[in-house]
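The following block contains the structure:
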């Protein structure tokens, strides 16, 4: 075992005795060469959570500027850094596999002869865990300018060892990523199966011998003869949505007496308390229209997770919500669970694809949500359907949770592996 020394930096800890600690300015140079009028002949790139990806300038996803004149060149193996919103940005860094252009908001770094791009890429991946640069950002937006970034510490193994570390991590991480991808594929198939089970059950019931009749709802040819079709608003006291506190001059806080739920709090058909957002009681009074009550159905009507839904429980209250989340208050509690299952059907997915307006982000109008058709069985059959779906979906959900835990364990292992390798605690 090689001899170690204290780095003197709490988030690095012990490092090999032969390693040096310098500043980022010794590892990188930063320049900004604008593409100008050559943007039409330059490949558009995007910094994502999975590295730098190609982007189609003619068929873009998301918002793009009218002109790319101010975009900057990126060369293969250069490092792209997002040094703003360090407390919340989903992206942080990436090594470019391509020549191209990227947003002028980022910093583009060229490695010096002392720094191997692949090692630097893994180093910044480690830095992104727990957002280690937050500590050095002094302003409200958690932003570092280049001079501040350049002064921050970085480890310098020999160039030969940097190559060994990067090669080792490439092989190890590829195996881990393959396992994670396989588990994710299983999860997606389970989710598809769950939707198909729900769809079949809320449109055909569980009685295979039922006499069917023609249905006028697009996409649903027949339903059981004894069933009715009614709009969602027929079952509700209220269908509304929340409000962003800033529209009434109020703030969202890190702690407080009233929880404030956003779209990201609705996960796997459950209301998750994390990430945590709060408002004070006065703000909650201002937003009294969207104060949530026990057993309200929450349904995401805007953004990338549109269509996700959950039923809120008493342990999450008092609570309020924002404009991306609608709340549906059912007038007869016996119908609540059935309506909730109906909102998870393939028919809803189809309606979202057709009705959700595609602006900067998909958005479902409250009127369209209220007019969503519910295929209504008799009360006795509804109870049997709910019981059947509860049991069936519980089994599927438990399997999904089990697979998700496997993914979490391998993600944790990957993080630990990268940390140990780039800081020299694991000799390779």
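In our numbering, the protein residues as written are 17 to 444. The beta carbon of each residue, even a glycine, is placed where N, CA and C say it ideally should be.
Going by beta carbons, residue 302 and residue 344 fall outside the 9 Å limit.
Under DSSP, residue 244 takes part in a beta bridge, and its partners are 392. Closest option to residue 51, judged by alpha-carbon separation, among 91, 272 and 279: 91. DSSP, reduced to helix, strand and coil, places residue 400 within a helical segment of the structure shown.
According to DSSP, residue 44 shares a beta bridge with 127. The residue from 38, 190 and 182 with its alpha-carbon nearest to that of residue 426 is 190. Per DSSP, the beta-bridge partners of residue 64 are 67. Secondary structure note for residue 357: its alpha helix (DSSP H) is the uninterrupted segment 349–358.
Between the region 200–212 and the region 411–418, the count of C-beta pairs closer than 8 Å reaches three or more; the two stretches touch.
DSSP places residue 38 inside the beta strand (DSSP E), whose first and last residues are 36–39.
Between residue 120 and residue 87, the CB-CB gap stays under 9 Å. Beyond the five residues adjoining it in sequence on each side, residue 22 comes within less than 7 Å, by CB distance, of 30 in the same chain, given in chain order.
Residue 40 counts as buried, since no fewer than 16 other beta carbons sit within 10 angstroms of its beta carbon. Contact between residue 192 and residue 429 holds: their C-beta atoms lie close to 7 Å from each other, under 8 Å.
For the pair residue 327 and residue 293, the CB atoms are not nearer than the 9 Å cut-off.
Boundaries of the beta strand (DSSP E) around residue 336: 335–337. A straight-line Cα-Cα distance of about 55 Å links residue 368 and residue 35. DSSP links residue 86 through a beta bridge to no other residue. Between residue 114 and residue 80, the gap from beta carbon to beta carbon reaches 9 Å or more. The Cβ neighbour count for residue 200, taken over all protein chains shown within 10 Å, is under 16; the residue is labelled exposed. Nearest neighbour of residue 48 by Cα position, chosen from 101, 277 and 96, turns out to be 96.
Of the candidates 84, 124 and 27, the residue whose Cα lies closest to the Cα of residue 98 is 124. Within the same chain, Cβ atoms closer than 7 Å to the Cβ of residue 308 are found at 328, 333, 335, 336, 337 and 343, the five residues on either side in sequence being excluded.
For the pair residue 238 and residue 231, the CB atoms are nearer than the 9 Å cut-off.
Of 64, 55 and 351, the smallest CA-CA separation from residue 73 is found for 55. The alpha-carbon of residue 108 is positioned some 26 Å away from that of residue 444.
Taking a contact to require three or more Cβ pairs closer than 8 Å, the region 180–190 and the region 131–146 qualify as touching. Of 38, 118, 104 and 83, the smallest CA-CA separation from residue 70 is found for 118. Here DSSP, grouped into helix, strand and coil, assigns residue 277 to strand. Membership of residue 343 in the beta strand (DSSP E) is indicated by the continuous run 341–346.
Boundaries of the alpha helix (DSSP H) around residue 386: 382–386.
In this structure, residue 289 places its C-beta atom within 9 Å of the C-beta atom of residue 275. Residue 355 is positioned such that its CB atom lies no closer than 9 Å to that of residue 277. Judged by beta-carbon spacing, residue 58 lies within the 9 Å limit of residue 89, meaning their Cβ atoms are closer than that value. Assigned with DSSP and collapsed to three states, residue 324 falls in coil, not helix or strand. Here the C-alpha atom of residue 394 lies approximately 33 Å from the C-alpha atom of residue 203.
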